[in-house]
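Numbering (our numbering), first residue to last: 4 to 67. Structure first, commentary second.
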Amino acid sequence: MAKTGKTGLALGDHLHFGILIQGIEVRPVEWFDKNWIKKFITNVFNEADNIISPASVKKADKKS
């Protein structure tokens with residue numbers, strides 16, 4: 004949900020879009036790049052998942 008409006012130095016009605024990661028503003032365009040997302044998000048999540056739940060545990064879960 005958002006509120007649009009004409010404030011500050013804006014010349015017309017607009018909506019500001021931003022992304023914050025742990026309270027730090029980041030460049031939104033990076034989050035739309037498929038390769039950047041794979042390298043810095045998907046791969047990191049997959050690595051963390053492998054540490055938390057090793058493949059041997061995952062295979063045992065699938066057999067149940």
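Positions of the beta carbon are idealized from the N, C-alpha and C atoms, including for glycine. Keep in mind that this is a model prediction, so the values were computed, not measured.
Do residue i and residue j have their C-beta atoms within less than 7 Å of each other?
i          : j          : result
residue 31 : residue 22 : yes
Give me the Cα-Cα distance between residue i and residue j, rounded to the nearest whole angstrom.
i          : j          : result
residue 12 : residue 36 : 30 Å
residue 68 : residue 39 : As displayed, the chain neither begins before 4 nor continues past 67, which places residue 68 out of reach and without an answer.
residue 14 : residue 47 : 41 Å
residue 52 : residue 17 : 40 Å
residue 33 : residue 49 : 19 Å
Comparing alpha-carbon positions, which option in the options lies nearest residue i?
i          : options       : result
residue 19 : 25, 26, 8, 27 : 8
Completely contained alpha helix (DSSP H) runs for the region 26-63, where each covers 4 or more residues: 37-40, 46-55
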